[in-house]
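Heads up: the structure comes next, in structure tokens.
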Amino acid sequence: MLFCNAFGWERKKNQSFKGIDAVHLEGTYQVKSRRVTAENPSPQSGIVKDSEKQPFDYFAAVVFKEDFSLLRAVIMPHAVFERLRKFNKANQGWFVMVSEDIFQEPGVLDVTARLAEAAVALDAILSHLSPDAGVAGT
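Listed below in structure tokens is the structure:
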């Protein structure tokens, strides 16, 4: 939802768009998130299945801190995802490490600030609906 709010993407939720979470004029997007905690500090993205079939044009990932505040967010073309991905045998899918050094990789766009702005705007909207409905950590 944050990526869609930040960039004006249209969310896709039905099975006919398997492997695609959002669309926009530039193409299709697979979106993954991760929350790091003291017990699990790994910034590994969520698992992507069947990426070889290239069902998406761009990969977007966001990492949240334990309090759900934003740590980092990236967008990369499918070809960059393919280059950076690692296989998770247990989950039979691919992931990318969304660590600080990912910003040094060619083709990776740092969109942390833009998502942070969207989170603040979304929190303001939700707080008007209900005092307890705000986004944690923003």
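Just so we're aligned, residue 491 is where the sequence shown starts under this note's numbering, counting upward by one. Don't be surprised by glycine CBs; every beta carbon is placed ideally from N, CA and C.
Taking A563 as the centre and dropping the five residues before and after it, the same chain places the C-beta of V552, V601, T602 and L605 closer than 6 angstroms to its C-beta, in chain order. DSSP places I565 in the uninterrupted beta strand (DSSP E) bounded by L560 to P567. If you look at A512, you'll find it in the beta strand (DSSP E) that goes A512 to H514. Residue range T602 to L619 is occupied by the alpha helix (DSSP H) that includes V610, with no beta strand (DSSP E) assigned at that position.
Around A496, the same chain offers R604, L605 and A608 as residues with beta carbons nearer than 6 angstroms, after the five sequence neighbours per side are excluded.
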